[in-house]
Every structure is written in C-alpha cells, then in structure tokens.
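Residue numbers (our numbering), protein chains in the order written: chain A, 948 to 1077; chain B, 948 to 1077.
Here is the structure we will look at, set down as structure tokens.
2 protein chains.
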Amino acid sequence: MSLIQIYQCLCDETRLRILHLLQDGELCVCHFQQILEEPQVKISKHLAYLRQRGLVESRRDGYWMIYRLPVRPCPELDANLACLHDCVREIPVFRRDTDRRARLRARLAATSPICCTPAKPKGKKKALVV
Amino acid sequence: MSLIQIYQCLCDETRLRILHLLQDGELCVCHFQQILEEPQVKISKHLAYLRQRGLVESRRDGYWMIYRLPVRPCPELDANLACLHDCVREIPVFRRDTDRRARLRARLAATSPICCTPAKPKGKKKALVV
DNA sequence: AGGGAATATGCACGGGTAAGAATATGCAAG
DNA sequence: CTTGCATATTCTTACCCGTGCATATTCCCT
C-alpha cells in the first residue's frame, strides 16, 4: 500500500465518511446505508475500492458483509487516519454520521439482532441472530 | 479550501514532492526542475493546480516565480503537511529530493545569485541579483 | 523596440473514476 | 430447490486529470 494510494482513497467524501465511521469499530453494509443515506451500489463500490487498496478488510456473517479497518494498518495509514480524525471533528457531515451511528447503536442494544433485520422478517429475527 | 481538495492535491507524486520541498522554504520553478528532474510544463501545471486550490502561493521576482506554502495555512492543511512530513521520511524519492535541495543550496551559497543563473548570462548575473 | 530567458497556457489524447440502472451472486430458511 | 434478502458486479455515460507538444505571456536587458 503506497502513500499515493492512501491519498487517492481519501479524496472522495463518501470514502472519507466510511473510514471515519470505521474508526469507531466495524460495520456492515446496511448500516452504512442507514447512516450515510446513500444508495447501496454507491456504498458497495466505494467499499470495494477501499478493500482493493487494502484500506479496509471484510468478512461475511450470514446475510451480511462486515467491514473494518485493517487489524494491523501500516504506519502511513495509521498516521493519516489519526489526522483525518482530528480534521473532521468540526465538520457537520461527519458529526452527523457519528450521531447517527450512536443512535443506531442504542436502537440495536434495545433489540437483539447484531445487524439490521431483514425488511419482512416475520419472526425470523431470532433465528437469524443465531 | 475543503479537506477533499487537500486530499485531491496530495494524491499525485509530483505534487507530493513539491509540497514536501516547500516545507523547507520557498522555491522557484527552475529549482523545482533541477531537483525533481521533471519537464518544465509538468512542474508548472502541478504548481498551478496547487495554487488554484490554495495549497501554495506565488510571487514574481524578476525572471522567476517563487512558490511557497500559504503564510497562514488552515488547520487541516497544517495537520496534513505534518503528517506527510512524517510519512515520507523513509521514502527514497523524498530523501533524494531533500539531499538534492541541500546540495543546491550549498552551490548557491558559494555563488551570488538568489535563483539560478540564466543559460547564457554574459555577465548579467550581478545586475539580475539586484 | 526587440531579443532572450523563465514560466504559463491551449490543445489533444489516453486513462481513471463516480454514478446509476440493471443484473448477478451468495446465503439462509422453508 | 426455491424464495427472499444482502451485497457485488457489469455496463454505460460523463467528467476530470496527467502528460506532452507547441505557443503565448511576462519580464529584464540593451
């Protein structure tokens, strides 16, 4: 992973928002959709872009794909993510994302599922969680 | 100047090298040419790109255009330049640029001119410096 | 005024990329 | 093995960008 590639990943707002959210822990695609309020294809493609360049890692969990920052990020990525964290502190979009994520977390804590429930679960919820 | 614009500026190697050099003080275009060993048009266009987005400022001094980092950079730019400085410390191209700049400086200290001498000066040197 | 030096700009071309619509894939439950 | 859900991929369109060639601009000196 080169420094240039890192900057190429950072120069799009959607990707910045994704990386910023991931700094607070892993997320699945449907949660990105809920928080960012962007179409699925857009989010999915930016996640693929980031994954191909090694800025995020993914794993599957049943229906869902869970994305996270690299477990062992290279020093350049680490430094730039820290810098990003500082820079966005005051920017409304990013604060909004953080807030929406917190509220989403609260909602999830109240119910059982780890990830979002399918649109028409019909009581499948519990089974899905296991 | 937005954060995205900063990252857009940072995602090209030539521009990274330019910004890295400017962290050590202002430079004219012909010095960039000597240090980076890239064609004039390439350097000039990248400098224009950076200037249009507010990452560098320029002033004219006789024959020469002198470029520098903004006198009062915004916090985001400041943070990212510091981050860049850390990140490139070990990268050969950037070390080479630093070395070449130091050697250029030594050469200039030995002679009088502030900037490089025209190709065929014919004794105009002293007059140019004043 | 005119020449020459340093630098900038216009034009052209190839390549990457962002976005959306449509479609495909992988998974789980019945 | 079919259905429904979450996610990925393909295709297309439009745009921006990096580069090089040629030319223009701006300045200094005579």
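Every residue, glycine too, gets a C-beta built ideally from N, C-alpha and C.
For clarity, every value in this text was computed on a predicted model and none was experimentally measured.
{"Check": "Is the stretch 976-991 of chain A in contact with the stretch 993-1009 of chain B, if contact means three or more CB pairs nearer than 8 Å?", "Outcome": "no"}
{"Check": "I need the straight-line Cα distance from Q987/A to R1054/A, nearest angstrom please.", "Outcome": "21 Å"}
{"Check": "Which one or two residues does DSSP pair with I965/B in a beta bridge?", "Outcome": "I965/B pairs with nothing; no bridge assigned."}
{"Check": "Smallest Cα separation from V1040/A: which of Q955/A, C958/A, H967/A, M948/A?", "Outcome": "H967/A"}
{"Check": "Would you say L1002/A faces chain B, with C-beta separation under 8 Å as the test?", "Outcome": "no"}
{"Check": "Nearest-angstrom Cα distance between R964/A and D1044/A?", "Outcome": "8 Å"}
{"Check": "Looking at C956/B and L1002/B, is the spacing between their C-beta atoms short of 8 Å?", "Outcome": "yes"}
{"Check": "If you drop the 5 nearest sequence neighbours on each side, which residues of the same chain put their C-beta closer than 8 Å to that of A1074/A?", "Outcome": "At A1074/A, the pLDDT of 35 sits below 50, so the modelled position is not reliable and the matter cannot be decided from this model."}
{"Check": "When burial is assigned at 16 or more other CB atoms within 10 Å of the CB, is R1007/A buried or exposed?", "Outcome": "exposed"}
{"Check": "Quick one: what's L974/A bridged to in DSSP?", "Outcome": "Y1014/A"}
{"Check": "Helix, strand or coil: which one does DSSP assign to R1019/A?", "Outcome": "coil"}
{"Check": "Please tell me whether L1016/A has its Cβ less than 8 Å away from any Cβ of chain B.", "Outcome": "no"}
{"Check": "For S949/A, name the three-state secondary structure that DSSP assigns.", "Outcome": "coil"}
{"Check": "Tell me the DSSP bridge mates of R1006/A?", "Outcome": "I1013/A"}
{"Check": "Check each candidate in A1057/A, R1050/A, L1028/A, H978/A and name the one with the smallest Cα separation from C958/A.", "Outcome": "L1028/A"}
{"Check": "From the beta carbon of L950/A, is the nearest beta carbon of chain B less than 8 Å away?", "Outcome": "yes"}
{"Check": "Out of I990/B, E1004/B, C1030/B, K989/B, point me to the one whose CA is closest to V1018/B's CA.", "Outcome": "E1004/B"}
{"Check": "Report the option in V976/A, K989/A, Y954/A whose CA atom is closest to the CA atom of R1048/A.", "Outcome": "V976/A"}
{"Check": "Determine, using beta carbons only, whether Y954/B comes closer than 8 Å to chain A.", "Outcome": "yes"}
{"Check": "Indicate the three-state DSSP secondary structure (helix, strand or coil) for A959/B in the structure shown.", "Outcome": "Per the sequence presented here, residue 959/B reads as Asp, with Ala not at that position. Three-state DSSP puts D959/B in coil, outside helix and strand."}
{"Check": "Taking 8 Å as the CB-CB cut-off, is R1044/B touching chain A?", "Outcome": "For the record, residue 1044/B in the displayed sequence is Asp; it is not Arg. Chain A contact via Cβ: absent."}
{"Check": "Taking Cβ positions, are Q952/A and R1000/A nearer each other than 8 Å?", "Outcome": "yes"}
{"Check": "Note down the Cα distance separating A1056/B from E973/B, rounded to an integer number of angstroms.", "Outcome": "16 Å"}
{"Check": "For H1111/A, which residues of its own chain have a beta-carbon under 8 Å away from its beta-carbon, when the five flanking residues on both sides are left out?", "Outcome": "It is not possible to answer for residue 1111/A, since the shown part of chain A is limited to 948 through 1077."}
{"Check": "Using only CA atoms, which one of S949/A, R962/A, H978/A, C1021/A lies nearest to I1013/A?", "Outcome": "H978/A"}
{"Check": "Only counting the same chain, and skipping five residues up and downstream in sequence, which positions put a Cβ closer than 7 Å to that of D1025/B?", "Outcome": "none"}
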